[in-house]
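Please read the structure below before turning to the comments.
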Amino acid sequence: MPITSEVDLYDPVKAFLEAQGYDVKGEVRSCDLVAVRAGEAPVLVELKLRFSLSLVLQGIDRLALSDRVYLAVPKPSGRRISGPNANDATVRKLCRMLGMGLLTVDPAARKGFQVDVVVEPAPYRPRINAKRARLLLKEHERRLGDPNRGGSSKVKIVTAYRQEALRCATLLRINGPMAVAALRRDGDAPNAAGILQRNVYGWFERVSRGKYRLTEEGARGLERFAPEEVAVEITTS
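In this note's numbering, the protein residues as written are 744 to 980.
This is the structure in structure tokens:
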């Protein structure tokens with residue numbers, strides 16, 4: 744039986760909670776569903792046909808009444824669905840961050856409607872990802888100047904790695920083939936060896952042991968990035 748309205752979600756969710764000993768009633772003081780069990784905070788459930796900002800805002804409002812708030816939506820079907828849905832890790836993370844639970848109702852289950860708890864409501868305890876935080880600060884420290892405008896999209900981002908590669912390329916254009924040690928020293932490029940060996944951008948070519956030259960692609964790369972845009976700082980002898 745397809746779910747065509749929010750009312751279709753009510754009976755399955757009600758039965759799910761009643762099976763756990765709750766006394767369930769609908770449309771209580773603007774709450775779609777209120778479930779009460781002796782000695783516990785009430786469970787509040789907001790029903791919607793799809794996950795949306797409107798649903799989240801309703802849930803946030805209900806948190807003023809109870810810390811046990813669930814958002815209930817139909818279980819996403821197997822086909823690709825546009826917009827946020829209960830299968831999205833970001834949606835589940837959002838619910839956890841807000842301290843709200845998430846329920847899905849599957850109308851295609853063999854034994855009728857099936858309700859699954861995707862996220863339990865609980866206080867959010869953020870955990871800092873130490874490695875990612877370290878990489879963030881390292882990138883900020885190594886990047887010269889401020890070459891990118893925040894909010895940019897569909898443009899190449901100038902990273903600290905690209906800046907080092909540009910400094911190496913600039914020196915090679917000025918001086919011709921150079922040793923890695925000289926590029927590291929004169930181009931303020933501590934990662935010069937890895938940049939030249941991996942040659943991610945196709946800008947460099949090895950001419951002898953530990954010595955590299957600039958390729959035609961490298962020359963074109965320098966034309967795409969003006970020195971003032973990437974704060975290229977090099978030393979020439």
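Built from N, CA and C at the ideal position, the CB exists for glycine as well.
Requested in this report: Assign Y867 to one of two classes, buried (16 or more other C-beta atoms within 10 Å of its C-beta) or exposed (fewer than that).
Outcome: Result: exposed.
Query raised in the report: Assuming P850 contacts I746 under a Cβ cut-off of 8 Å, what Cβ separation, rounded to an integer in Å, is found between them?
Result: Right, the Cβ-Cβ distance comes to about 5 Å (below 8 Å), so this counts as a contact.
Report task. Within its chain, find whatever has a CB closer than 7 Å to the CB of L914; leave out the 5 residues flanking it on each side and keep chain order. Result -> The answer, listed in chain order, is M921, L926, D929, G930 and I977.
Query - Rounded Cβ spacing between L814 and L800 (contact assumed at less than 8 Å) - result: So it is not a contact: roughly 11 Å between Cβ atoms.
Query raised in the report: V983: buried (16+ other C-beta within 10 angstroms of its C-beta) or exposed?
Result: Nothing in the structure corresponds to residue 983, since the chain is present only between 744 and 980.
Query raised in the report: By a C-beta neighbour count over all protein chains shown, 10 Å radius and 16 as the cutoff for buried, is L879 buried or exposed?
Result: That one is exposed.
**Report entry** Residue-chain proximity (P745, chain B), Cβ-Cβ < 9 Å
**Finding:** Looking for chain B here will not work: only one protein chain is present.
Query raised in the report: Going straight from the alpha carbon of S773 to that of S809, what length do you get?
Result: Cα to Cα, S773 sits roughly 14 Å from S809.
Query raised in the report: Which class does P755 belong to by DSSP, given the choice of helix, strand or coil?
Result: Secondary structure of P755 (DSSP, three-state): helix.
Query raised in the report: Among residues of its own chain, excluding the 5 on either side of R949, which ones have a beta-carbon nearer than 6 Å to its beta-carbon?
Result: Only Y955 meet the Cβ criterion.
**Report entry** Which listed residue (S820, V861 and K757) has its alpha carbon closest to that of R839
**Finding:** A check of alpha carbon separations from R839 across S820, V861 and K757 identifies V861 as the nearest.
Query raised in the report: Tell me which same chain residues have a C-beta within less than 6 Å of the C-beta of S980, skipping the five on either side of it?
Result: Bear in mind that a pLDDT of 49 at S980, under 50, signals an unreliable position, so the model cannot answer this.
Query raised in the report: Shortest alpha-carbon distance to A932 belongs to which of A912, E959 and R916?
Result: Looking at the Cα atoms, A912 is the closest of the given residues.
Query - Nonlocal neighbours in the same chain, by C-beta distance under 6 Å from E761, ignoring five residues either side - result: Taking C-beta separations shorter than 6 Å and ignoring five residues to either side along the sequence, the partners of E761 in its chain run V767, following chain order.
Report task. With L798 as the anchor, note down where its beta strand (DSSP E) starts and where it stops. Result -> Not the beta strand (DSSP E): L798 falls in the alpha helix (DSSP H), residues L796 to R805.
Query raised in the report: At which residue ranges does the segment 936 to 973 contain complete beta strand (DSSP E) runs of 3 or more residues, listed in the order of the chain?
Result: Counting only runs of 3+ residues, the beta strand (DSSP E) found wholly inside the segment 936 to 973 occupies 947 to 951 and 954 to 957, in chain order.
Query raised in the report: Do you know offhand how far V750's Cα is from K791's?
Result: So the alpha carbons of these two residues sit roughly 9 Å apart.
Query - Terminal residues of the beta strand (DSSP E) in which Q857 lies - result: Here the beta strand (DSSP E) through Q857 covers Q857 to V862.
Query raised in the report: If you count every other CB in all the chains shown that lies within 10 Å of the CB of E789, and 16 or more means buried, which is it?
Result: Buried is the call here.
Query - Reduced DSSP secondary structure (H/G/I, E/B, other) of A1057 - result: With the chain covering 744 to 980 only, the question about residue 1057 has no answer from this structure.
**Report entry** Buried versus exposed, by CB contacts within 10 Å (16 or more), D889
**Finding:** Classification of D889: exposed, given that the 10 Å Cβ count is below 16.
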